[in-house]
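J.: Supplied in structure tokens, the structure appears directly below.
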Amino acid sequence: MTELQSQKISTAEKSKMMEILRRAGEEGMEEEEGGEGECATLEERLAGVDLDAESPEAVWNKLSRSEQEQFRAAMASGHLSSLIPLHTPWWRVSH
Numbered sequence: 001m002t003e004l005q006s007q008k009i010s011t012a013e014k015s016k017m018m019e020i021l022r023r024a025g026e027e028g029m030e031e032e033e034g035g036e037g038e039c040a041t042l043e044e045r046l047a048g049v050d051l052d053a054e055s056p057e058a059v060w061n062k063l064s065r066s067e068q069e070q071f072r073a074a075m076a077s078g079h080l081s082s083l084i085p086l087h088t089p090w091w092r093v094s095h
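For the sequence shown, UniProt numbering assigns the number 1 to the initial residue and increments by one for each residue that follows.
Written out as structure tokens, the structure reads:
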């Protein structure tokens, strides 16, 4: 710790570190505020939302950052297609 305190830090380095900390703080606050935060479940945040009437952006904004990242990753990997049941037309359904 003493070694760190004895090092001289330039004004530019201080400014750069302050900017990094400021951005990190803002991102943390956005995560807390965005979509009522992580403490509310997705089900609670989407309760009463009419998916047919809401804009895609409004629904997207109800997701937390981590949920948005998980969705993007699932899309990129093709995992989402496995969650959608294959539609069989009524005339092809065997009874």
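Here a beta-carbon is modelled for each residue, glycine too, at the ideal position from N, C-alpha and C.
Just so we're clear, the structure is a prediction, and the values are computed from it rather than from any experiment.
(1) Suppose the cutoff is 6 Å on Cβ atoms and the five residues either side in sequence are ignored; what does the same chain contact list for Ser77 look like?
(2) Taking three-plus beta-carbon pairs below 8 Å as touching, is the region 40-47 in contact with the region 61-72?
(3) Got a sec, what are the start and stop residues for the alpha helix (DSSP H) Glu44 sits in?
(4) For Ala40, which of Ser55, Arg23, Asp50 and Glu67 has the nearest alpha-carbon?
(5) Can you tell me the Cα-Cα spacing of Ser81 and Glu57, whole angstroms?
(6) With H, G and I counted as helix, E and B as strand and the rest as coil, what does DSSP make of Ser64?
T.: Inspection of the coordinates gives the following:
(1) Indexing the sequence shown from 1 puts residue 77 at position 77. Excluding sequence neighbours, Ser77 sits near nothing in its chain.
(2) The region 40-47 is in contact with the region 61-72.
(3) Here the question's residue 44 lines up with position 44 in the sequence shown. Leu42 to Leu46 is the span of the alpha helix (DSSP H), which, as asked, contains Glu44.
(4) Walking along the sequence shown from the start, residue 40 turns up at place 40. Selected option, being the one with the closest Cα: Glu67.
(5) Stepping through the sequence shown from its first residue, residue 81 is reached at position 81. Stepping through the sequence shown from its first residue, residue 57 is reached at position 57. A direct Cα-Cα distance of roughly 21 Å separates Ser81 from Glu57.
(6) Stepping through the sequence shown from its first residue, residue 64 is reached at position 64. Note: Ser64 maps to coil in three-state DSSP.
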